Structure formats: C-alpha cells, structure tokens
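Structure record follows, encoded as structure tokens.
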Amino acid sequence: MNQHRKWAAVLSLIGMGFGQIYNRQMIKGLMLFIVHLSGIAVTMAAPKAIWGLVTLGEQADHLEKVGKLYVNVRGDHSIFLMIEGIIIILALLIWFAIYIANVKDAYNVGNMREQGLAAPRFSDTLQYLGGVKFPQMIITLPILLVIFFTVMPIFFMILLAFTNYSAPNYLPPAKLVSWIGLEGFKDIFTIKAWNQTFFGVAFWTLVWTICATLTTFAGGFAAALMVQKKGIRFKGFWRTLFIIPYAIPQFISLLIMRNMFNGQFGPINQYLAYFGLGGLPWLTDPFWAKFTVIIVNIWIGFPITMLMVIGILSTISKDLYEAAEIDGATPVQQFGNITFPSVMLSFGPLLVMSFAGNINNFNLIYLLTNGNPANPNYQSAGSTDILITWLYKLTMDSGKYNFASIIGIFIFIIVASFAVTNVRRTKAFKEEDDYR
Amino acid sequence: MITSKRKFSMGNLFCYLGLILLGIACVYPALWVVMSSVRPGNALYSETLIPSAFTLEHYRELFDKYPFGQWFLNTFKVAFFTMIFSTVLVTITGYVFSRFRFKGRKKLMLGLLVIGMFPGFMSMIAVYILLMQLQLLDTHLSLILVYSAGAPMGYLYVKSYFDTIPQSLVDAAKIDGAGHLTVFRRIILPLSKPMLVYIALTSFSGGFVDFIFANMVLSTPENQTLAVGLFRIVQGRSATEFTLFAAGCVLVAVPLTLLFVFLQRYLVEGLMAGADKG
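As given, the protein sequences belong to chains A and B, one line each in that order. Under the UniProt record's numbering, the first residue of the first sequence carries the number 1, and numbering increases by one thereafter. Under the UniProt record's numbering, the first residue of the second sequence carries the number 1, and numbering increases by one thereafter.
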C-alpha cells in the first residue's frame, strides 16, 4: 500500500505543486509552482513591510553633508511604508490561503490514488471548477477587487486613527509619523475646542438627518398621491416633470441652487422683493442656511420617493378602496387605513436606508454651503457642516488626518449598525432557500 | 349627489394647483440656467428671466478657452467603461449570492455590505498611493478601475431582483443539460432587463458626475472629465463669470438628463424591485 496522501501532502508543503506533480497532475502542478515562485517575491518583501508597519520609518527626509555641500536625502515616508506594509501583508495572506488549499488538494488526490482511483486529469479539474466550484470561482474577482480597493484602504484608515499623522508637526516626508495609541481619541474628547466642535457638528448631523429623511419622504409621498389621484389627467406628463430634479446631475443642480439662493443677486430674493418682501440671508445666516439646506434637499430627493410610492400604490388592490367606500369610509379614513399602512410596509426599510444615506450626504452640504457660514466656536467647521463634510475639511484643508480617521470610524459605527440591523430583517437577506 | 360631485372637482382643482406649483419649482432652476447661459454679459443678476438679447458667445468661449470637446470624450470613455465593468461585476456577485449556497456565503454577504458603509474620503488617500505604486495616476484607467472595483458592494439590490426569478425555470434548463453560464446568459439575463438598465444607468452617471476622486487623480487639463473641469471653473471664478458657468452646466447636464427622462420606465421598474424588500 503506497502512502500517496502523505507523500503528496509533504511534497506540496515543500513546494507548491510538487505534490500534484507526484500525483501525475502535471499542468496543475506547474501552474501552482509558478504561484509559488511569485509568492517567494512577496515573502522576501515581508520583513521590510513589517518593519515599516511597526516603526513607520526611522529617518525622515534630512540634510546630509556630502563633501562641502548639504544635500537633501530621501528618508522614510511613514504613510507610504504603512500602505505598502498593508498591501504586502494582504498579498501574503492570499498566498498563504492558496498554499493551504494546495496541500489539502495534494492530500485528497493522494487519498484517491490510494483507493485505486486515477488522479483527475486537468480537463476534469477545469470541469470541477466550472461546475461544483462555480460560485467560488466567479466571485473571486469581485472579492479581490474589493479587498485591494476597499478593504486595504479601510485598514489604512483605521490604523491612522492610532497615529499622530497631522499638520503641521507630523507631516511626511519632512517629518515622521508615529503610533500614539488612543491618544488621539482622548484629545478629541477632552480638548475643549475639539469636543465642542464634535458634539455641535454631531448634533446638527442628527437634526439634519431626521429632517431630511422625513421631509423628502413626506414630499415624495404627497407628490405621488397628487399624480395618482383619481380624475387627474396627464399622469405621465406630471411624472416626467417631477423626475427632472432627479435627472439633473446633483453636483450641477446644487451649484445652480447655490447661485439661486445668493442673498444679493440671486433670483429668489429678487422675486421676494418683487412681492414687496425683504430678502432673506439664505446662505449667510446660520439658521437660514440650515433651513435652505433642508429645502433644497427636498427638491433633490422627493422624485425618488415619488417614483417608489407610485410603484407601491399601483400594487394596492382597487377592491380595498371599493369595499371601504361602500362601508362609507371618508377619503381621509381610506388614506389612514389602506394607503398609508401599505406604503409604509414596503417603504419602511428604505426609509431606514435613506436615513443612513443622509448621515453621509456629502454633496449636498459641500456644494450648497460648503459648511458655511463660519462658526467661530468650531475647529475647521462651519455652522452647516455635518460629520462627513467636517471629515473632508479636516483632511483636505487642515491636514488633521488622525482626527478625521477617528470621526470616520465614528460615522461608520453609526451607519453600519443602522444598515446591518435593517438589512438583516429584509427578505433579500433572510435564508430564502425556498424561492418564490 | 350634485354636492358630492362638486366637492370632488374642487379637490381635483387644488390638486392641479399643487401639481402646477410643484412643476414650476422643478423646472424653474433648469430654465433659469438655460436662460442665463444665453444672456449677454457675465453677471449673476438679471432683471427678467427671459433675457432681452440672446447670444451663444458663452458656449463658444467654453470650447475656445477650455478643452471642452476633449473633456466630453474623456467623460464618455470613463462613464462607458465604468458602466460595462460595474454592471458585470455587480451582476455576477448578485447572481452568485442569489442562486448558490456555499460555505461562508452569509458572512461574505454581510461583510461586503458593512465594508460598503465606510466613509470613502480617508480611503481615498490610500487608493491614491496604491494607484501611484501601480503608475496609474492621471489615467482614465485608474478611474474606471476604482469605480468598478466598488461596484460589487451594491450586490444586495441585484440579488433581491434575481431572487424573484423562479428556480423552476433554472431547474428545467439544467435538466436539458445547460451549464451555469448558459443558464445565466440565456435565462437569467433576459429576465432581468429593467434591473440591468437601472444598474447600467446609475453606474454610468456615477462615472459621469464624480468630481472629488477624479479631481484628485487627474492632474493634466487634457485628461480631465467634464465634472472635474466644470468644478475647477467654479472654484476658480464663478462669481465673476456666472453665465459661462451656466453654459457649462447646460452642456454637462443635458446628456444625462435626457438619458434619465427617456429611460424613466426602467427607473420606475428598477426602483420598484428595490422597494420589494420588505
């Protein structure tokens, strides 16, 4: 009795593909061996990657005396080291997973041979991958893309929260960044100027999110009811008309709105003056700026709600209304007992999702007010800034990357907990082994 | 009987009034910008909505001063390929989650969803450095790559659409000897047209309008997209040349707006499929 499985497993542990070649699976073995060679290159880079991640560099750009002159010598760039470190470690993990699969495979095929079966040929392997393993094969590419373009950056961002990466004293390449643990979290909650901004902005984010979600929902619902009302003609025309705010690219319509609400020259105040009313400081007064942001958001957001509610309304059985009418129910009663509950049943989860979306409604605030008017009590934030725009300003304008990361993590925890609890309840996510 | 009929029409009258007011509110900003773009001079302020004289000067200026034609081409290139790759990636992801059961599937689904919730700005720095390492800065390929790589996280919507396709259809085809790819191509895809149009449209417009990440990656003027170019014009001097900005807005907005209006039937169906999650 040949101990094929032991030999195959040991050989493939020594070098990827060796066990497969031993099992007479030449093509598979050679392909795995090529993967092994590329893995060696990654492994060679690993010590430097780990050194980079642990130390974040030891010597920043500095002047060095060469002969009689001082020249600028390139030092370590902490942020590059950090990202390269994360990339190498991710690549290593992936390679390691392949390695384990390789040993397992060699063992299994060896086992088959011990039982007197022939090792699968390469064409059999391909068929197996395209058949039983089809889902895993097909999903590999999307997952790899997500790992390198989303997961890697997220790791980077989380790590940043534990460093002192910030202007003006810890900005590579002139200076090094170092790990400071939870110091940043402590600072943002204990230094008065910062925690005042944090709680102020967080509170307005909450108010904004609630108002924005409810007003667009109410607006879209009302529009849908009007369009679908019995006896109203040209329904298609009205619907097309109301899609326009949704169809115009958001960044264009927001820039347009910013000009329309211009206090001095904008048409809105011009018309108010025409009716003998004084103009309002739409974008320059803290209160009115907040008001304007919400109004403009209704304009932008109501069409989607309207389209969805129209769709839901069309699924409600006409019989219900007829029966209600026979029983003498008033239109208000019909709305309260038939229309509203039916719409809420379908729309409820979407409402939660749009709540989560509004927390991060960057475009609206950034393009319409850019967070202004300025607030003297805040650190690099204005009166209408929400957390996400504050985060943007912290990175792009003031270079406080570590604080921005902390806020990013905070936003994430809130949004994710909303979304996850909500989505887990939905039909698409529950175990749906019985297809409809 | 007469009173009830009368009350009915009164209700409709108010309804029409509301519809007309809402219609004006929807159209007015667009109309105002179109009118501003053909008005002589460069001021934001205007006495009347309809200008006393018309000029196409601002449109010509856009093409003279900026590589506007090139920007159009760039934008269409980026948006088109983003649309193709995003749609393929999100569709196969949704399909796998909808039709197959395998180990770790639920964890993967939840994981992708959660990852998609991270605010993107901090990660932009990391993506920027990754692109630098790949020597892809200032290329359109980098934009297409990054936009498409984010697409699989939007799988949930696609999955819930696929879930509504009866499994019996798939089983029947499998008995006839169809493989996974044949089933996908010949049965699943043709039944998913509204969803596919919706996904394609939103990913196209996503690539079309991004001005933040694209602004970071594209540095040379000839490589810029419309959104980036227009955004830079605005940041430069919108206050002094409002009418020029208005002309730019019209040129950028018209293709997308028309696309959305013409495909609104699919939008309604697509959005409805999204609403069917309760």
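Where is the CB? At the ideal position from N, CA and C, for every residue including glycine. Just so we're clear, the structure is a prediction, and the values are computed from it rather than from any experiment.
Item, Value
"Residue burial classification, B/Ile-50 (beta-carbon count within 10 angstroms, cutoff 16)", "exposed"
"Coarse secondary structure for B/Ser-219, derived from DSSP in three states", "coil"
"Check whether A/Ile-83 and B/Ile-24 have beta carbons under 8 Å apart", "no"
"Assigned secondary structure, A/Lys-65 (DSSP; H/G/I helix, E/B strand, else coil)", "strand"
"8 Å Cβ cutoff, residue 279 of chain B in contact with chain A", "The question about residue 279 of chain B has no answer here: the residues shown for chain B are numbered 1 through 278."
"Identity of the residue in A/Ala-324, A/Met-353, A/Ile-268 nearest B/Ser-46 by Cα", "A/Ile-268"
"Partners in chain A for B/Met-153, counting only beta-carbon separations shorter than 8 Å", "Val-146, Thr-150"
"Contact list for the region 222-243 of chain B against chain A, Cβ threshold 9 Å", "Ala-227, Leu-230, Phe-231, Val-234, Ser-238, Phe-242"
"Minimum C-alpha distance to B/Pro-166 - residue among B/Leu-191, B/His-180, B/Val-146", "B/Leu-191"
"Three-pair Cβ contact test at 8 Å for the region 192-207 of chain B versus the region 81-92 of chain B", "yes"
"Rounded distance between the beta-carbons of B/Pro-119 and A/Asn-370, thought under 8 Å", "Not a contact, Cβ separation roughly 18 Å."
"Proximal residues, the region 149-176 of chain B versus chain A, C-beta separation under 7 Å", "Ala-149, Gly-150, Pro-152, Met-153, Leu-156, Lys-159, Ser-160, Asp-163, Thr-164, Pro-166, Gln-167"
"Helix, strand or coil at B/Thr-3 [DSSP, three-state]", "A caution first: B/Thr-3 carries a pLDDT of 45, below 50, which makes its placement in the model unreliable, though a value can still be read off. The answer is helix: DSSP assigns B/Thr-3 an H, G or I state."
"Extent of the continuous alpha helix (DSSP H) run through A/Ile-34", "26-55"
"Per-residue contacts from B/Val-146 into chain A (C-beta, under 7 Å)", "Phe-149"
"Sub-8 Å separation of B/Phe-76 and B/Gly-69 beta-carbons", "no"
"B/Ala-227 and A/Phe-251 closer than 8 Å at C-beta", "yes"
"Reduced DSSP secondary structure (H/G/I, E/B, other) of A/Lys-6", "helix"
"Cβ-based neighbour list, A/Ile-88, same chain, cut-off 7 Å, excluding 5 preceding and 5 following", "Val-42, Ala-45, Ala-46, Ala-49"
"For A/Ala-374: DSSP bridge partner residues", "A/Gly-382"
"Short-range partners of chain B found in the region 239-260 of chain A, where Cβ spacing is below 8 Å", "Arg-239, Thr-240, Leu-241, Phe-242, Ile-243, Ile-244, Pro-245, Tyr-246, Ala-247, Ile-248, Pro-249, Gln-250, Phe-251, Ile-252, Ser-253, Leu-255, Ile-256, Met-257, Asn-259, Met-260"
"Neighbourhood of A/Ile-86 by C-beta distance below 7 Å, restricted to the same chain and skipping five residues each side", "Met-152, Phe-155, Phe-156"
"Collapsed DSSP secondary structure at B/Leu-19 in the structure displayed", "helix"
"Range of the contiguous alpha helix (DSSP H) that encloses B/Leu-62", "57-65"
"Nearest-angstrom Cα separation, counted from A/Trp-208 out to residue 437 of chain A", "Chain A is shown only over 1 to 436; residue 437 of chain A falls outside these bounds and no answer can be derived."
"Bridge partner(s) assigned by DSSP for A/Tyr-170", "A/Ser-166"
"Neighbour list for B/Leu-112 in chain A, Cβ cutoff strictly below 7 Å", "Val-146"
"CB contact below 8 Å: B/Ala-214 versus chain A", "no"
"Residue-level contact to chain A via CB, B/His-180, 8 Å cutoff", "yes"
"Buried versus exposed call for A/Pro-168 [16 or more other C-beta atoms within 10 Å across all chains shown]", "exposed"
"Given A/Ala-101 as reference, the closest of A/Leu-225, A/Gln-20, A/His-62 once Cα atoms are compared", "A/Gln-20"
"First through last residue of the alpha helix (DSSP H) which encompasses A/Phe-418", "401-425"
"Where A/Asp-434 falls, given that 16 or more other Cβ within 10 Å makes a residue buried", "With a pLDDT of 42 at A/Asp-434, under the threshold of 50, the predicted position of this residue should be treated as unreliable, and no value is reported."
"Residues of its chain near B/Val-38, where Cβ-Cβ distance is below 7 Å and the 5 sequence neighbours each way are ignored", "Pro-51, Phe-54, Thr-55, Leu-56"
"Neighbour-count burial assignment, B/Met-1, 16 or more Cβ in a 10 Å radius", "Interpretation of B/Met-1 is limited by its pLDDT of 39, a score under 50 that renders its predicted location unreliable; no figure is taken from the coordinates."
"Every unbroken beta strand (DSSP E) within the region 102-161 of chain A, with a cutoff of 3 residues, ordered by chain", "none"
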